[in-house]
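In our numbering, the protein residues as written are 1 to 121. Virtual Cβ for every residue (Gly too), placed ideally from N, Cα, C. Model, not experiment: these values are computed from the prediction.
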């Protein structure tokens, strides 16, 4: 079976399902940081699917959906429309929103990040 990128309807389904699972605090933060889903570039892994869906922006970070790995991630950006880092976490959206809450509350990013594939030495 060949991989196909998630459609706009599919990303909306994921967002809506996650919203139903969010706590009241998570929903309040989500309502502040969410954006209409938009495709952003990411080199080199985002090429095949014409980018990844960004669903939230806070400061210089975005929450985006990695449809290759089937999960939400948070990465930085320097230029609007381009994701800096590739992560392959398989997190639900509400977990990434909680990571934002934790960073605001605690003052540092305590989330774990699973990186891109590495060559075998």
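Quick check on the DSSP output: the beta strand (DSSP E) that includes residue 71 runs from which residue to which? 71 to 76
Counting along the chain, where does the beta strand (DSSP E) carrying residue 3 start and finish? Here residue 3 belongs to no beta strand (DSSP E), and DSSP marks it neither H nor E.
What did DSSP end up calling residue 67 once you bin it into helix, strand or coil? coil
Select from 6, 28, 100, 108 the residue whose C-alpha is nearest the C-alpha of residue 123. Past the edges of the chain, shown from 1 to 121, lies residue 123, and the structure says nothing about it.
Have a look at residue 2 and residue 106 and give me their C-alpha separation to the nearest angstrom. 42 Å
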